[in-house]
Every structure is written in structure tokens, then in C-alpha cells.
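Remarks on the structure that follows.
In the numbering used here, the protein residues as written are 357 to 629.
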């Protein structure tokens, strides 16, 4: 597979540039395999930091280079130029296989799904400065391609570290209920927010700040259970959903925060009174 791909790459080079936007979310790219030669490889450069790619009637292959126009703060932030990317295949991902190409080697991310297959999981990976990275989308042979579409969403960020707190959301609240999402292998926490410190996106809504409600997701191993107590929820938004690490109780956070602030080891300040 790798040798055939490299030989095709030398003989066929079709460049298709996606329109460049950085601050536009869910940039949608539609491609049609009916106009593509069997066995050919189209080269596509993705400049958006996030978006959606739909490949109708997959045929041949697509090589997607990831060259997002990240903000200068993110590109030169504490992550040292590391770019983290995540792809989320649609539940109806059919007709192709998605690979990660890293330094000339291919790693399968998403296989061609059967009708009864469980929904595919989100896959994430990182690119260090100078590393060659691309996505390779290869059509799988089928007699009938009319109903097949390979579709996925992607996000690329620079400096996804604990120090990049300016883009995080901070909410204090109580846990109303916890449900397990077996598809995501995550816990969905329904939160009543008593105080919204910062939210980059409108995740918690209500008639007033005291009545704001929303949902956040976290790993099952965090062992989140409903019960009394006030928690601080900090995290990021991935594919329109709020995700966080294991949440401390607010009183425990206050104590840890005060110690870190006194030692000047805190990347950002919050009003904790």
C-alpha cells in the first residue's frame, strides 16, 4: 500500500487548495469521487483550523496536508510549536479508510465501516516542529458506490497545554446527574452552574447566571457521581462539546489555587472569593 501510494504520488499530482480561513468554524469541504480517476491521488491542503470534509462516491485517494493558519499566540505558545489535531468520523463513514501519514509511514485511524459497526471514536495526534504529517484517505473497492460517503470533522490547535488557560472555560456549579455514554466511552455530567467565570462558547444558558445549566463530558475513569458539593469545572470545547479532566471540589481548588498563587506558579488568575 505504501509503495503503490508513493509511486502514484510521483506520477499524479492534482493540487486543490481549500479556501483559507482561520476564525471560521465548521468550514465545509465537499469533494466528489465520480470525477476522479481510479487509482489517482489528489493532493489537498487544509488551511483551516477546523472544519468538515465530505467525500461523496469515494474513488482513488486523497492526501490531506495539515497547514492551519493558527493565531501567533497559539503557534508560539508554551507548546513550543506543537500542533494537536483531532478527527471525528461521521456515524455514516463508508467507502474509505482514513490513515495518518507520519514521516512516510501510514497508521490506520478509521477503517471502512460496516452497517452494523459501532460509531467510530475521535482520534487525536500531534505534530512537532519540522515533522511531516498528513491524512491519507483511500477509497475501498465496492461494486455500488452510490450510497457511500466518507465524512469527518477535524480540529487543529497549537499549544494545547495547561498553561494556555485563556481559551478555557471556567464554571462553578453542582452536579445534577451523571449518565454514561458508551459510544463516547465518557460520562455526561449535567451541571447547574452557580457561577460562570468564563466561557468562550455559550455552553451554559438560562434566564440568569444563577440558573445556568449545561453539560460537560469527562473520562469514565474520573468516577464522577452525583452528590452534594460545589465543583469547579475547567476544560475545552471539542467538536461543539465541553470536555474536562477530573474535577476537584471547589474548596479543594481554592486551597491549591492559593498555594500556587503565593508561589507565583499560576498561569492565570480567577476571583475565588
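Cβ atoms here follow ideal geometry from the backbone N, Cα and C, with glycine treated the same way.
Sequence-distant residues of its chain with Cβ nearer than 6 Å to residue 454 (five each side left out): As a position in the chain shown, residue 454 is number 98, starting the count at 1. Around residue 454: 465, 466 and 493.
Hey, residue 407 and residue 557: beta-carbon distance below 8 Å or not? Translated into the one-based positions of the chain shown, residue 407 becomes position 51. Translated into the one-based positions of the chain shown, residue 557 becomes position 201. For residue 407 and residue 557, no; Cβs fall outside 8 Å.
For residue 541, which of helix, strand or coil comes out of DSSP? One-based indexing of the chain shown puts residue 541 at position 185. Residue state, collapsed to three classes: coil.
If we ignore side chains and look at the alpha-carbon of each, how far apart do residue 572 and residue 617 end up? Within the chain shown, numbered from 1, the residue matching residue 572 stands at position 216. Within the chain shown, numbered from 1, the residue matching residue 617 stands at position 261. Roughly 27 Å between the two C-alpha positions.
Does the beta-carbon distance from residue 440 to residue 482 come in below 8 Å? By 1-based counting over the chain shown, the position of residue 440 is 84. By 1-based counting over the chain shown, the position of residue 482 is 126. Yes, the pair counts as a contact, with Cβ atoms nearer than the cut-off.
Alpha-carbon to alpha-carbon, residue 409 and residue 357: As a first step, residue 357 is located in the chain shown; it is residue number 1 there, counting from the start. As a first step, residue 409 is located in the chain shown; it is residue number 53 there, counting from the start. Note that residue 357 has pLDDT 48, beneath the 50 cutoff, so the model's placement of it is unreliable and the number below is only indicative. Each residue's Cα considered, the two are about 23 Å apart.
Where residue 389 falls: helix, strand or coil (DSSP): Taking the chain shown and counting its residues from 1, one reaches residue 389 at position 33. The answer is helix: DSSP assigns residue 389 an H, G or I state.
When DSSP builds the beta bridges, which residues end up paired with residue 477? For the purposes of this step, residue 477 is taken as the residue at position 121 of the chain shown. Its beta-bridge partners do not exist; DSSP assigns none.
To the nearest angstrom, report how far apart residue 611 and residue 620 are at their CA atoms. Working through the chain shown from its first residue, we reach residue 611 at position 255. Working through the chain shown from its first residue, we reach residue 620 at position 264. Spanning the two alpha carbons is a distance of roughly 14 Å.
Quick one: residues in its chain with C-beta nearer than 6 Å to the C-beta of residue 387, no 5 flanking neighbours on either side, listed in chain order? For the purposes of this step, residue 387 is identified with residue 31 of the chain shown, where counting begins at 1. Hits under 6 Å: 411.
Residues sharing a beta bridge with residue 512, DSSP: The residue given as residue 512 occupies position 156 in the chain shown. DSSP, once it has assigned bridges, lists 441 as partnering residue 512.
With DSSP collapsed to three states, give me the class of residue 555. Residue 555 sits at position 199 when you count from the first residue of the chain shown. In the structure shown, residue 555 sits in coil (DSSP, three-state: anything other than H, G, I, E or B).
How long is the line joining the alpha carbons of residue 469 and residue 497, rounded to whole angstroms? Counted from its first residue, the chain shown places residue 469 at position 113. Counted from its first residue, the chain shown places residue 497 at position 141. Near 13 Å, if we compare the C-alpha coordinates of residue 497 and residue 469.
Helix, strand or coil: how does DSSP classify residue 396 here? As a position in the chain shown, residue 396 is number 40, starting the count at 1. DSSP places residue 396 in coil when its eight states are reduced to three.
Our contact map puts residue 452 next to residue 495 with C-beta atoms below 8 Å; I'd like the distance itself, whole angstroms only. As a working note, residue 452 is residue 96 in the chain shown. As a working note, residue 495 is residue 139 in the chain shown. About 5 Å; that satisfies the 8 Å criterion.
Boundaries (first-last residue) of the beta strand (DSSP E) holding residue 488: By 1-based counting over the chain shown, the position of residue 488 is 132. Counting along the chain, residue 488 falls outside any beta strand (DSSP E), and DSSP gives it neither H nor E.
Spatial neighbours of residue 429 within its chain, please: C-beta separation below 7 Å, excluding the five flanking residues on both sides. Indexing the chain shown from 1 puts residue 429 at position 73. Note that residue 429 has pLDDT 42, beneath the 50 cutoff, so the model's placement of it is unreliable and the number below is only indicative. None.
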